[in-house]
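Asker: Quick note on our numbering: the sequence shown kicks off at 542 and runs consecutively. Idealized CB from N, CA, C, for every residue including glycine. Bear in mind that the values here come from a model prediction, so they are computed numbers and not experimental data. Have a look at the structure that comes next, please.
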Amino acid sequence: MDLYRALLRCYPSSFRAEYGEEMVKIFAWRRREASSASVVIALWAEAFADVAVNASRVQWDVLAQDVRYTLRALGRARAFAFTAVLVAALGIGATTAAFSIADHVLVRPLPFPESDRLVKLWQDQTQRGFPRIEVSPANYLDWKRLATSFDGMAAYTTRSINLVGTGDPERLDAALVTPNLFNVLQVHARYGRTLASVDEAPNGTPVVVLSDGVWRAKFGADSGVLGRNIVLNDVAHTIVGVMPAGFEFPTRDVDVWTALQFRPSDLEDRNDLFLHVVARLGTGVTVDAAASQMRAIAAELEKQFRDNAQTSASLHLLRDQVSRQSRTLLLALVGAAMCMLLISCTNLANLLLARAFVRQKELAVRAALGAGWERLVRQTLTESLVLAALGGVAGVLLAVAATPLVARLVPTTMPIPDVPSVDLRMLAVAALVTIGTGVGFGVMPALRVMRNTDPSSLREGGRTGAGRSTERLRSALVVAEVSASVVLLVASGLLIKALWNVQGVNPGFRTENVLTLRTALPLPKYDSTEQRQQFYDRVIAGVRALPGVTNAAYTSALPMVMRGGIWAISLNGRAPEAGGDGAVSLRLATSGYFDTLGIQLLRGRDLSHADSTTSPFVAVVSESFARRHWPGENPIGREVFVALFNRTIVGVVSDIRVRGLEQESEPQVYVPSRQVPDGGLIFYHPKDLVVSASVPPSSLIPEVRQIIRKVDAQQPISDVRLMSDVVWAESAARRAQVRVLSGLAAVAFLLAAVGLHGLMTFVVSSRTREIGLRTALGAQPAEIVTMILRRGLYLAGVGVLFGMFLAYAAGRYLQSLLAGVSASDVPTFAAAVGLVVCMTLAGCLLPALRALRIDPLTAIRTE
542 MDLYRALLRC YPSSFRAEYG EEMVKIFAWR RREASSASVV IALWAEAFAD VAVNASRVQW
602 DVLAQDVRYT LRALGRARAF AFTAVLVAAL GIGATTAAFS IADHVLVRPL PFPESDRLVK
662 LWQDQTQRGF PRIEVSPANY LDWKRLATSF DGMAAYTTRS INLVGTGDPE RLDAALVTPN
722 LFNVLQVHAR YGRTLASVDE APNGTPVVVL SDGVWRAKFG ADSGVLGRNI VLNDVAHTIV
782 GVMPAGFEFP TRDVDVWTAL QFRPSDLEDR NDLFLHVVAR LGTGVTVDAA ASQMRAIAAE
842 LEKQFRDNAQ TSASLHLLRD QVSRQSRTLL LALVGAAMCM LLISCTNLAN LLLARAFVRQ
902 KELAVRAALG AGWERLVRQT LTESLVLAAL GGVAGVLLAV AATPLVARLV PTTMPIPDVP
962 SVDLRMLAVA ALVTIGTGVG FGVMPALRVM RNTDPSSLRE GGRTGAGRST ERLRSALVVA
1022 EVSASVVLLV ASGLLIKALW NVQGVNPGFR TENVLTLRTA LPLPKYDSTE QRQQFYDRVI
1082 AGVRALPGVT NAAYTSALPM VMRGGIWAIS LNGRAPEAGG DGAVSLRLAT SGYFDTLGIQ
1142 LLRGRDLSHA DSTTSPFVAV VSESFARRHW PGENPIGREV FVALFNRTIV GVVSDIRVRG
1202 LEQESEPQVY VPSRQVPDGG LIFYHPKDLV VSASVPPSSL IPEVRQIIRK VDAQQPISDV
1262 RLMSDVVWAE SAARRAQVRV LSGLAAVAFL LAAVGLHGLM TFVVSSRTRE IGLRTALGAQ
1322 PAEIVTMILR RGLYLAGVGV LFGMFLAYAA GRYLQSLLAG VSASDVPTFA AAVGLVVCMT
1382 LAGCLLPALR ALRIDPLTAI RTE
């Protein structure tokens, strides 16, 4: 019978109390009457089936009763219900959004078949300071030929190209890829085909594959686009395929894919580092095994080629190509959301504890009328879960709305959409968080109900002990709220100070009243240096003649937006070997560039219009370059081999920030754009026009466009922006970080204040008799106020103490994002403590003033 009694526990306790004993007696009688083992087996099978069917039905009936009762009760307490749902929605929404973004970037497989076999390969020049650097074509081809750990290896690079003939000239982002890239990724075209090996033949017909976005925007989603020709960089390309929506490789900005064709010089120069290499691991091959083989291959190539000195190879899963800062930030966002959820749960638990205290008489009456503690606890948990469910629905809507706002936190280099989709995975996270929240904030009120359902609660005096116990529990919850809010306040404060530091960095060049735009000249139309210089000269002369323009120049890359461009140098008059004498960032520029951007000329002269391929090759270097190689000496007249030639240094300029505001740049070398041989340094051809003005630069845009159109009507103009916006964009990700964490901190701070205010209000209401007696015995108003404030400040102090320890740990974790700010920054911690003190005083003030209005005689009588 013990087994059957255990089966009956599947029914609600109220059902067992009414029918349980009778069911046991009937089953015992039938068991005694069973005439054979088969009849006994059939009897037990029937019992199990009966419980499985009827117990679930009864449970659902009871649950439906509890839900209906809960909805009616919440309908009578609409203010409470609205507050609870809002608080739950904030916590669930923040957590769902944070987990969705982190899962999207760090966990979810890339949108390629068997993406866990895709790896990214790099040249490893750690001894030169570059642990991950792009690959030369010569090394890529040797790697591909010698490696046996991969089912395929492909390479690509990115470039902007000009599209003409489909309306106004337009600039597109193109990926130049080896045709086997699509096979390595195991993707297929939506229409037509992808690139084939025949497409990379030097004399073959140029072809192009369109992205879904370009296909829709430029060709109206016409499925008959295959076979049509479009002109890219003044060369007709045949459209052979359209990729499906969602294919975003290597980045989500790519518009078209064309075949990467290597020139003979690419196969000889192993210092020409511009390729990105991806590969698919062979079946059963591990990352470690493939990495070991690649290091061995690199070691052999190092022995064969002097240019490969100090060069190894490394590989990492393509999924793991997330910077340490991005990973830290996303995990910090999850931690902040968890703090937010903790604060929401503690606030909701406080609300329900207060509600349970107010409803104590009602619950005691129900207990006296026969309701068991299990039913009352179940009713309380049902109320919690209903509130959590309503909050969960609202939270999902908040998460969907908030996710695009934090899209800047998704690295742009990942081949994934910038905003995660709303799918079953996201909804499953929301459901789990909702259930956990409902149980989390409902369990303590349920336990409190279980302990206080005895009939003694019907007496007036029965409330005092329970009130003190409830007060202690609520106090602990408030301490947790304050601790979590301190963590968020300190973390957001540290990031705000880091942003302030970054924005206060002097970039080393003029940012105000400078207009920039891009006119990348296509090959072969502008294949010769003379053709390009004629374009530059005519545009610059026309722009300089405009009223309000103080100067104009062209450069190969604007400050702050430069990627790559690292060159080995030699000081012995010959091409660098074995890493040379260091590395520099290289820029080609026209005369007037330094004056246009306000880069200070410290020694010697500027780049000149007279510097050409028929004159001595020259260069201007940065102050850090001169200081590193000739400390305390005059570098003018010294020679450096860089950019294909041995060059005489004719000038020294101040250093600028080349790669963002947060890191010191490598030494810089500037080369005259006229001193580039035809077909050489094609990735460094000047394309960015900079214009300094004494008038608002935006007013010059129409006239500058008109000048460029007169020089070349088919030349696209892109990336029109102010230099101040270029610099501002460098801290855009930081501002997104600050906005997200500061928003969470502000909401958490407000919720903590509400929780503290609610607790102090409860303290005053539960101690009405005590306060009345104190007043009747002569206590002064200041003493009553001090008693309330002391209680609030004590709880806040304990919360601050715990919070500061946790905040310091959080600051240490965020150290890579703090731009030099200490994780224990005293002003930031002091500001957070000050805010909590102010919050505490504000939260205690109204309850303290309410305590002063308590009439002693009334208080004694009512209690």
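Report all residues from its chain with a CB closer than 7 Å to the CB of Val608; omit the five preceding and five following residues, and keep chain order.
Answerer: The residue given as residue 608 occupies position 67 in the sequence shown. If you ignore the 5 residues before and after Val608, its C-beta comes within less than 7 Å of the C-beta of Thr923, Val927, all in its own chain and listed in chain order.
Asker: Taking the continuous beta strand (DSSP E) assigned at Arg712, which residues delimit it?
Answerer: The residue given as residue 712 occupies position 171 in the sequence shown. Start and end: 711-718.
Asker: Would you be able to state if there are at least three C-beta pairs under 8 Å between the region 698-713 and the region 770-781?
Answerer: yes
Asker: In three-state DSSP terms, what is Tyr681?
Answerer: Along the sequence shown, one-based indexing puts residue 681 at 140. The answer is helix: DSSP assigns Tyr681 an H, G or I state.
Asker: With contact counted as at least three CB pairs below 8 Å, one residue from each stretch, are the region 1186-1195 and the region 1220-1237 in contact?
Answerer: no
Asker: Between which two residues does the beta strand (DSSP E) holding Asn1113 run?
Answerer: Residue numbering aside, residue 1113 sits at position 572 when the sequence shown is read from its first letter. No beta strand (DSSP E) holds Asn1113; DSSP gives it neither H nor E.
Asker: Measure the CB-CB distance between Val1279 and Leu1036 and report whether it falls below 8 Å.
Answerer: To locate residue 1279, count along the sequence shown from 1; it is residue 738. To locate residue 1036, count along the sequence shown from 1; it is residue 495. The answer is yes: Cβ separation under 8 Å.
Asker: CA-CA distance, Pro743 and Phe803?
Answerer: Residue mapping note: residue 743 aligns to position 202 of the sequence shown, counting from 1. Residue mapping note: residue 803 aligns to position 262 of the sequence shown, counting from 1. Our two residues, Pro743 and Phe803, have alpha carbons roughly 8 Å apart in a direct line.
Asker: With a CB to CB cut of under 7 Å and the five nearest residues on each side skipped, what residues in its chain are close to Gly1384?
Answerer: Counting from 1 along the sequence shown, the entry for residue 1384 is found at position 843. Cβ neighbours of Gly1384 beyond the five flanking positions: Ala1294, Leu1297, His1298, Met1301, Gly1333.
Asker: Drop a sphere of 10 angstroms on the beta-carbon of Asp1468, count the other beta-carbons inside from all chains shown, and report buried for 16 or more, exposed for fewer.
Answerer: Any question about residue 1468 goes unanswered here, given that the chain covers just 542 to 1404.
Asker: What does the alpha-carbon distance come out to for the pair Leu1390 and Ala1323?
Answerer: The sequence position of residue 1390 within the sequence shown is 849, counting from 1. The sequence position of residue 1323 within the sequence shown is 782, counting from 1. Approximately 10 Å between the Cα atoms of the pair.
Asker: Measuring straight from C-alpha to C-alpha, what distance separates Pro1048 and Arg1276?
Answerer: Taking the first residue of the sequence shown as 1, we reach residue 1048 at position 507. Taking the first residue of the sequence shown as 1, we reach residue 1276 at position 735. Their backbone Cα atoms lie some 18 Å apart in a straight line.
Asker: Which partner residues does Val1090 have in the DSSP bridge list?
Answerer: Within the sequence shown, residue 1090 is the residue found at index 549, counting from 1. Paired residue(s): Ala1234.
Asker: Closest to Arg1059 by C-alpha separation, out of Val863, Leu973, Asn703, Lys566, would be which residue?
Answerer: As a first step, residue 1059 is located in the sequence shown; it is residue number 518 there, counting from the start. Ranking the options by Cα distance to Arg1059, first place goes to Asn703.
Asker: For Trp1041, write down the residues that DSSP places opposite it in a beta bridge.
Answerer: One-based indexing of the sequence shown puts residue 1041 at position 500. None, per the DSSP bridge assignment.
Asker: Considering only C-alpha positions, which residue in the set Phe1076, Ile1110, Val592, Ser1265 is nearest to Ala1061?
Answerer: Translated into positions along the sequence shown, residue 1061 becomes position 520. Ranking Phe1076, Ile1110, Val592, Ser1265 by Cα distance to Ala1061 puts Phe1076 first.
Asker: Nearest to Val1212 by CA position, among Ala1098, Ser1206, Val1267, Val1245, is which residue?
Answerer: Along the sequence shown, read from residue 1 onward, the residue named residue 1212 stands at position 671. Nearest C-alpha to Val1212: Ala1098.
Asker: With Ile582 as the anchor, note down where its alpha helix (DSSP H) starts and where it stops.
Answerer: Numbered from 1 along the sequence shown, position 41 holds the residue referred to as residue 582. Per DSSP, Ile582 belongs to the alpha helix (DSSP H) from 578-617.
Asker: Taking the alpha carbon of Val718 as the point to measure from, which residue in Phe568, Val728, Ile582, Leu736 has its own alpha carbon closest?
Answerer: As a working mapping, residue 718 is identified with position 177 in the sequence shown. Checking every option, the nearest Cα to that of Val718 belongs to Leu736.
Asker: Ser701 and Leu682 look like a contact to me (Cβ under 8 Å); what is the Cβ gap, rounded to whole Å?
Answerer: Here residue 701 is taken as the residue at index 160 of the sequence shown, counted from 1. Here residue 682 is taken as the residue at index 141 of the sequence shown, counted from 1. Contact doesn't hold; Cβ gap of about 26 Å is too wide.
Asker: Taking Thr1369 as the reference, give the member of Gly1145, Lys1038, Tyr1354 with the closest Cα.
Answerer: If you number the sequence shown from 1, residue 1369 lands on position 828. Selected option, being the one with the closest Cα: Lys1038.
Asker: Does the beta-carbon distance from Val1232 to Val1055 come in below 8 Å?
Answerer: Here residue 1232 refers to the residue found at position 691 when the sequence shown is read from its first residue. Here residue 1055 refers to the residue found at position 514 when the sequence shown is read from its first residue. Yes, they are a contact pair.
Asker: Looking at C-beta atoms only, is the number of pairs between the region 722-731 and the region 775-791 that lie closer than 8 Å three or more?
Answerer: yes
Asker: Count the CB pairs spanning the region 742-758 and the region 805-813 that are closer than 8 Å, and state whether there are at least three.
Answerer: no
Asker: Give me the residue from Leu1185, Arg1198, Ala1109 with the minimum Cα distance to Pro1420.
Answerer: There is simply no residue 1420 to check, as the chain begins at 542 and stops at 1404 in what is shown.
Asker: Between the alpha carbons of Val1084 and Gly1106, how many angstroms are there, rounded?
Answerer: Reading the sequence shown from its first residue, position 543 is the one you call residue 1084. Reading the sequence shown from its first residue, position 565 is the one you call residue 1106. Separation of Val1084 and Gly1106 (C-alpha to C-alpha, rounded to the nearest whole angstrom) is 28 Å.
Asker: Beta-carbon within less than 8 Å of Arg882's beta-carbon, same chain only, minus the 5 sequence neighbours each way: which residues are those?
Answerer: Residue 882 sits at position 341 when you count from the first residue of the sequence shown. It is Leu, not Arg, that sits at residue 882 in the sequence shown. Counting only residues of its own chain and dropping the five nearest sequence neighbours on each side, Leu882 has a CB closer than 8 Å to the CB of Gly632, Ile633, Ala635, Thr636, Val974, Thr978.
Asker: So, for Val1020: in the same chain, excluding its five sequence neighbours on each side, which residues have a beta-carbon less than 6 Å away from its beta-carbon?
Answerer: Here the question's residue 1020 lines up with position 479 in the sequence shown. Leu1336, Val1339, Gly1340, listed in sequence order.
Asker: If I measure Cβ to Cβ from Ile1329 and keep anything under 8 Å in the same chain, skipping five residues before and after, which residues do I get?
Answerer: Position 788 of the sequence shown, counted from the first residue, corresponds to residue 1329. If we look at Ile1329 and ignore the five residues flanking it on each side, its Cβ neighbours are Met1301, Val1304, Val1305, Cys1385, Pro1388, Ala1389, Ala1392.
Asker: Write down every uninterrupted run of the alpha helix (DSSP H) in the region 719-760 whose length is 4 residues or greater and which is fully enclosed by it, in chain order.
Answerer: 722-726, 753-760
Asker: What's the gap between the Cα of Val725 and the Cα of Trp663?
Answerer: The count along the sequence shown starts at 1 and reaches residue 725 at position 184. The count along the sequence shown starts at 1 and reaches residue 663 at position 122. Rounded to whole angstroms, Val725 and Trp663 show a C-alpha spacing of 17 Å.
Asker: Put Trp1171 into one of helix, strand or coil per three-state DSSP.
Answerer: Residue 1171 sits at position 630 when you count from the first residue of the sequence shown. Reduced to three states, the DSSP call for Trp1171 is coil.
Asker: Which residue from Ala1273, Leu584, Ala820, Asn1042 puts its Cα closest to that of Val1362?
Answerer: Here residue 1362 refers to the residue found at position 821 when the sequence shown is read from its first residue. Nearest C-alpha to Val1362: Asn1042.
Asker: Kindly give me the distance between the Cβ atoms of Leu659 and Tyr697, rounded to whole angstroms, as I take these residues to be in contact under 8 Å.
Answerer: Translated into positions along the sequence shown, residue 659 becomes position 118. Translated into positions along the sequence shown, residue 697 becomes position 156. Between Tyr697 and Leu659 the Cβ distance is about 13 Å, and since that is not below 8 Å, they are no contact.
Asker: In chain order, which continuous runs of the beta strand (DSSP E) of length 3 or greater are located wholly inside the region 808-880?
Answerer: 817-822, 853-858
Asker: Tell me whether Ala1389 sits in a helix, a strand or coil according to DSSP, three-state version.
Answerer: Position 848 of the sequence shown, counted from the start, is the residue given in the question as residue 1389. Residue state, collapsed to three classes: helix.
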